[in-house]
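Novice: Okay, handing you the structure first.
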Amino acid sequence: MDPADLPGEYVKRLRAVEAKRPRTVIEEILKHGYVTTERLGELGYNHPPRAARDVRELGFPLETTRVTSSDGRSIGAYVFADPATIKRGTLDGRKVWPKELKTALVQRDDCRCNVCLEPYEDRYLQIDHRIPFEVSGDDGSMDPTHFQLLCASCNRSKSWSCEHCPNFVQRDDTVCETCYWADSQVYEHVATRPERRATVVWSGDEEVRAFDEARARAEAAGIGVVAWLKRRRR
């Protein structure tokens, strides 16, 4: 959407953003009509989707398009989407999580990440919307069934997967509800792809030794450790 066509009040709220990374994206789009992944890299943001997501998490929808880079490659570019697509409760961005919600999730999930199922100290677990904030918005409910705990590694993996999922644009809640990233134990797809996945962590001296032994056998067979483990299950 052309920034010149945005409502004045909406532009005022865009310009009120203070956080450096999303503000940079916003200012570039307001000035040029779009910002490319190449340009964001030049500005020091080496993971452009994360910078764009910062804007989306504040409740300002962006669309991703394709443009030609300075060296002739096809690259991504971000533009403002129609403000009419904003869902109720999203414009003020994420809320601060109440302590009671974290406590309820820790007790429910036994202080484990809901993807890799590994136990962590509660300070290392992050509260995550089962259905991404950008898809479902936020109606203010703090119902624990809408949330899960993820370790930092699994949270980053989910973020990347969701950002590259077709439903991140289509925003159909029902698609997310049946996704691996919403419930790693009961799901129909992984970011719309027909997949089954198991995230396994080997921890502790005994498990690490077992993994190293499996890796050595995989190397001897000339294959990766994941392929070797799959072969062992056939």
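Everything in the sequence shown is counted per our numbering, starting at 457 for the first residue and increasing by one. Ideal Cβ placement from N, Cα and C applies to all residues, glycine included. Quick caveat: nothing in here was measured; it's all calculated off a predicted structure.
Return the CA-CA distance between R673 and E574, expressed in angstroms with no decimal places.
Specialist: Taking the straight line from one Cα to the other gives about 25 Å.
Novice: Which residues bound the alpha helix (DSSP H) around H585?
Specialist: Not the alpha helix (DSSP H): H585 falls in the beta strand (DSSP E), residues 581–585.
Novice: At what residues does the alpha helix (DSSP H) containing S592 begin and finish?
Specialist: Its alpha helix (DSSP H) spans residues 589–592.
Novice: By alpha-carbon positions, which one of T480, F589, V562, L561 ends up nearest to R443?
Specialist: Since the first residue of the chain shown is 457 and the last is 690, residue 443 is not available in this structure.
Novice: What is the residue span of the beta strand (DSSP E) that Y636 lies within?
Specialist: Counting along the chain, Y636 falls outside any beta strand (DSSP E), and DSSP gives it neither H nor E.
Novice: Counting contacts by CB-CB distance shorter than 8 Å, is E675 in contact with chain D?
Specialist: Checking the listed chains, one finds no chain D in this structure; it contains a single protein chain.
Novice: Put E651 into one of helix, strand or coil per three-state DSSP.
Specialist: If DSSP states are grouped into helix, strand and coil, E651 belongs with coil.
Novice: Compute the beta-carbon to beta-carbon distance between Q582 and A608, rounded to the nearest angstrom, for a pair I have assumed lies under 8 Å.
Specialist: At roughly 6 Å, the Cβ-Cβ gap stays under 8 Å, so Q582 and A608 are in contact.
Novice: Return yes when the Cβ of M598 is within less than 8 Å of the Cβ of P539, no when it is not.
Specialist: No; because the gap between Cβ atoms is not below 8 Å, this pair is not in contact.
Novice: With a threshold of 16 other CB atoms inside 10 Å of the CB of W637, please say whether the residue is buried or exposed.
Specialist: Buried, because 16 or more other Cβ atoms sit within 10 Å of the Cβ of W637.
Novice: Would you identify the three-state DSSP class for S613, choosing helix, strand or coil?
Specialist: In this structure, S613 counts as helix in the three-state DSSP scheme.
Novice: Give the straight-line distance between the Cα atoms of P600 and V571, rounded to the nearest whole angstrom.
Specialist: Those two C-alpha atoms are separated by around 16 Å.
Novice: Rounded to whole angstroms, how far is the Cβ of A475 from the Cβ of D510, which I believe are closer than 8 Å?
Specialist: Right, the Cβ-Cβ distance comes to about 7 Å (below 8 Å), so this counts as a contact.
Novice: Quick check on DSSP: helix, strand or coil for P539?
Specialist: Here P539 sits in helix by DSSP.
Novice: How far does the beta strand (DSSP E) with E519 in it extend, from its first residue to its last?
Specialist: Looking at the DSSP string, the run of the beta strand (DSSP E) that includes E519 is 518–524.
Novice: Are the Cβ atoms of D578 and C569 separated by less than 8 Å?
Specialist: Taking 8 Å as the Cβ cut-off, D578 and C569 do not qualify as a contacting pair.
Novice: I need the boundaries of the alpha helix (DSSP H) containing L605, first residue and last residue.
Specialist: First-last for L605: 603–607, but that is the beta strand (DSSP E), not the alpha helix (DSSP H).
Novice: Please report the distance separating the alpha-carbon of A670 from that of I679.
Specialist: Using only the alpha carbons, I get a separation of about 11 Å.
Novice: Find the nearest neighbour of N611 within the set Y580, H602, M457, D565, judged by alpha-carbon distance.
Specialist: It is Y580 whose Cα lies nearest to the Cα of N611.
Novice: Might you give, ordered along the chain, the residues of its own chain that have their beta carbon closer than 8 Å to the beta carbon of I489, omitting 5 neighbours on each side?
Specialist: Here the sequence assigns Gly to residue 489, which means Ile is not the residue at that position. Closer than 8 Å at Cβ, skipping near neighbours: D458, P459, V535.
Novice: So Y576 is in the alpha helix (DSSP H); what residue range does that whole segment cover?
Specialist: First-last for Y576: undefined, no H or E at that position.
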